[in-house]
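Structure first, then comments.
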Amino acid sequence: MAHLDEVIVKVDDALAEGVIAHMNELLIALSDDAQLSREERYIQQQRLRTAIAHHGRQHQEERPPRS
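Position 24 (the sequence shown) corresponds to 109 in the working numbering; numbering is contiguous.
Next up, the structure:
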């Protein structure tokens with residue numbers, strides 16, 4: 086399996102798991118991954134950032150309004 090394919094599987098797994106801390110750890114790891122091109126790294130990091138942002142909005146919407 087090519088390195089990019091392995092990274093895609095890791096990102097898919099992190100997204101399916103839905104744990105923000107794990108997504109953040111993977112974001113950091115991808116930043117230092119010299120085996121990926123800049124574009125490949127950006128695409129995978131964007132997938133993680135989008136999921137993190139979506140999770141944050143969903144959490145904010147579910148929170149009861151402050152009085």
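All C-beta atoms, glycine included, are put in the ideal place defined by N, C-alpha and C. Since the model is a prediction, treat every value here as computed from it, not as a measurement.
Beta-carbon gap between residue i and residue j smaller than 8 Å
| i | j | result |
| --- | --- | --- |
| alanine 99 | leucine 111 | yes |
| glutamine 105 | histidine 140 | The question names glutamine, yet the displayed sequence has isoleucine at residue 105. Yes, the Cβ-Cβ distance between isoleucine 105 and histidine 140 is below 8 Å. |
| valine 96 | leucine 121 | no |
Any non-hydrogen atom of the ligand NAD closer than 7 Å to residue i Cβ
| i | result |
| --- | --- |
| serine 122 | As far as ligands go, the structure on display features none, and thus does not contain the ligand NAD. |
Inter-residue Cα distance where the pair is residue i and residue j
| i | j | result |
| --- | --- | --- |
| arginine 126 | glutamate 91 | 12 Å |
| leucine 89 | alanine 138 | 24 Å |
| methionine 108 | glutamine 131 | 11 Å |
| glutamate 102 | aspartate 118 | 22 Å |
Boundaries of the alpha helix (DSSP H) in which residue i is found, first to last residue
| i | result |
| --- | --- |
| leucine 112 | 105-116 |
| alanine 101 | 88-102 |
Status (buried if at least 16 other CB within 10 Å, exposed otherwise) for residue i
| i | result |
| --- | --- |
| glutamine 129 | buried |
| valine 94 | exposed |
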